[in-house]
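Following our numbering, the numbering of the sequence shown begins with 560 at its first residue and continues without gaps. The beta carbon of each residue, even a glycine, is placed where N, CA and C say it ideally should be.
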Amino acid sequence: MQAGDVDLLVIGAGMAGLTAGARAVRKGLSVTIVEVGADVGGSARFAGYVWTAPDHDVMDRHNPRGDVALKRALVDRFDDGIAWIRSLGVEAKDAQPILSFGRGHQFDTTTMSTPAVG
Ligand SMILES: Cc1cc2nc3c(=O)[nH]c(=O)nc-3n(C[C@H](O)[C@H](O)[C@H](O)COP(=O)(O)OP(=O)(O)OC[C@H]3O[C@@H](n4cnc5c(N)ncnc54)[C@H](O)[C@@H]3O)c2cc1C
């Protein structure tokens, strides 16, 4: 492969890399994801929930030093994220309480990590 062969080269097929790749493909870009491990999915293969704090006050109380823009995006765009996960054909169950302060959805991270998704 040479520089310029793809629009986006992602190093690491964990959830961050796979999500970036899938979103780029949906926008019409060509993407190559390079994974050093034997499997894709990274830590997410052991995870089970996508979740957030329900509002900014609760988010700030529990993540006082978190990146403000990312915290706002997670709370404000969480429902859009769930809709996007479901649009990939990945099951995300109904919302439920998470830990003492959050809300989230159990979802199938194995299906989410398969190359066919996107
Ligand atoms: C047991 C467990 C349960 C969890 N439960 C949840 C949960 O319910 N909800 C939640 O939101 N989060 C949960 N987490 C955290 C969540 O899984 C991680 O924050 C998230 O998966 C991290 O994704 P990532 O893509 O940033 O990194 P990673 O998953 O670490 O992926 C990085 C990938 O890059 C690859 N890589 C590294 N270096 C190179 C290289 N030089 N070249 C090519 N590839 C490379 C690695 O092999 C790996 O596949 C859990 C974590 C664990 C361990």
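Please classify residue i: does DSSP put it in a helix, a strand, or coil?
i, result
"R645", "helix"
"A581", "helix"
"I609", "One point to set straight first is that residue 609 is Val, not Ile, in the sequence displayed. The answer is strand: DSSP assigns V609 an E or B state."
"V599", "coil"
"R662", "strand"
Roughly how many angstroms separate the alpha carbons of residue i and residue j, rounded to a whole number?
i, j, result
"D638", "K630", "14 Å"
"V595", "A575", "15 Å"
Between residue i and the rest of its own chain, which residues show a CB-CB distance below 7 Å, the 5 nearest in sequence each way excluded?
i, result
"D614", "V634"
"L588", "D566 and L567"
"A579", "V569"
Could you give the first and the last residue of the continuous alpha helix (DSSP H) run that contains residue i?
i, result
"T541", "In the structure displayed, the chain extends from 560 to 677; residue 541 sits before or after that span and is not available."
With a threshold of 6 Å on Cβ separation, who are the neighbours of residue i within its own chain once the five nearest residues in sequence on each side are excluded?
i, result
"A583", "L567 and V590"
"M671", "V649"
Using a Cβ-Cβ cutoff of less than 8 Å, which residues in the same chain neighbour residue i once the five nearest sequence positions on both sides are dropped?
i, result
"G571", "I592, V593, E594, V595 and G601"
"S659", "none"
Along the chain, where does the beta strand (DSSP E) that runs through residue i open and close?
i, result
"L568", "L567 to I570"
Closer than 7 Å from C-beta to any heavy atom of ligand 3: which residues, in chain order? No copy of ligand 3 appears in this structure; the ligands present are ligand 1.
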